[in-house]
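Read through the structure below, which is laid out as structure tokens, and then see the notes.
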Amino acid sequence: MVHALQDVHRVLVDGGYMIDLRPVGVEYALEVVTDEHVIPVGDADAAGRAARDEGANQAAEKIQTMGLFNQEAHMAFNLYTYWPTPSDYKQYLDERQGSTCLHDDVLAHALDVFKHAGPDARFRACHSMIISRYRKVSRTD
Amino acid sequence: MPTDMHQQRDPEQTEIRMLRDFADLEGKHILEIGSGDGRLTWRYARFAGRVTALEPHAATVAQAKKLRPADLEAKVALTCSQAEQLPFAKKTFDRAIFAWSL
């Protein structure tokens, strides 16, 4: 990844920005949402992301110690993805076979809460996100 | 119907708002690395000057070309390439974006 960032440094104009936007953390909060309430129902397990997070963090650190970029700004925020039901989310995760999984006990609890939440209920996953802006450091070589 | 068609991603528009606030995209020449099927690309491209979207998997690039809105065909170029050896001259882009790809 550091090699890629070195080449990004090459193709950016002097003073250009590199933006890093990504989810972080090993759990995604799950909630049943109605017009009046937000009900936490547990977490999706994203432990499979940990190694990737660590690699990305190390690369971001490295490009600064190498003098290629300076971090100018950084912010955390939440991003929500909505699903008609907890089962739709479960099916999506199973089909995708990615690094996130929804354990049976969490799904059972989510389904129970969802069933009693009323006709306007929706289900959502909350991703903890970061966005960072790095400015290219111009070099004479 | 694929299950992901059921999802409603970021209806609050938080992600695109943060990106616009942080990246100052207006009129800029953007390089997006790891653009996937273009999910985020289409949402910010209208604010940018030009976009070159890079994706290492040919099948995903082909899918993105099918999904690209007609009004963005001239503005967004989709390229199959690895990020480690960018096929561009130095100092070509104003911004580089890694969205869910670093």
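Protein sequences appear in the order of chains H and C.
Residues 160 to 300 (our numbering) are what the first sequence spells out, left to right.
Residues 321 to 422 (our numbering) are what the second sequence spells out, left to right.
We put the CB at the ideal spot given by N, CA and C, even for glycine.
Quiz item: Between the C-alpha atoms of H/P245 and C/T361, what's the straight-line distance to the nearest angstrom?
Solution: Taking the CA atoms as reference points, H/P245 sits about 28 Å from C/T361.
Quiz item: Are the C-beta atoms of C/F418 and some chain H residue less than 7 Å apart?
Solution: Put simply, the CB of C/F418 is near chain H, with a gap under 7 Å to one of its CB atoms.
Exercise. Going by CA-CA distance only, name the one from H/H162, H/V172, H/L261 that's closest to H/R283.
Key: It is H/L261.
Quiz prompt | Residue interval of the beta strand (DSSP E) (run including H/H286) | solution = Boundaries of the beta strand (DSSP E) around H/H286: 281 to 295.
Quiz prompt | Residue from H/L164, H/P199, H/D204 whose Cα sits closest to the Cα of H/L252 | solution = Looking at the Cα atoms, H/D204 is the closest of the given residues.
Quiz item: Hey, out of H/T240, H/D173, H/Q217, H/G201, whose CA is closest to H/L270's CA?
Solution: Ranking the options by Cα distance to H/L270, first place goes to H/G201.
Self-check item: Where the alpha helix (DSSP H) containing C/E380 begins and where it ends
Solution: The question names Glu, yet the displayed sequence has Thr at residue 380 of chain C. DSSP places C/T380 inside the alpha helix (DSSP H), whose first and last residues are 378 to 387.
Self-check item: Within chain C, the residues that H/F236 reaches when beta carbons sit closer than 7 Å
Solution: Residues of chain C passing the Cβ test: T334, M338.
Quiz item: Leaving out the 5 sequence neighbours to the left and right, which residues in its chain are closer than 8 Å to C/L387 when beta-carbon positions are compared?
Solution: D357, G358, W362.
Quiz prompt | Where the segment 374 to 389 of chain C meets chain H: residues whose CB sits under 9 Å from a CB there | solution = Hits within the stretch: zero.
Quiz item: Quick one: Cα of H/D279 to Cα of H/E195, how far?
Solution: About 10 Å.
Self-check item: C/A384 to C/L398 span [Cα, whole Å]
Solution: Whole-angstrom Cα-Cα distance: 8 Å.
Exercise. Could I get the ranges of all uninterrupted alpha helix (DSSP H) runs contained in the segment 245 to 271 of chain H, with 4 residues as the minimum, in chain order?
Key: Listed in chain order, they are 245 to 255.
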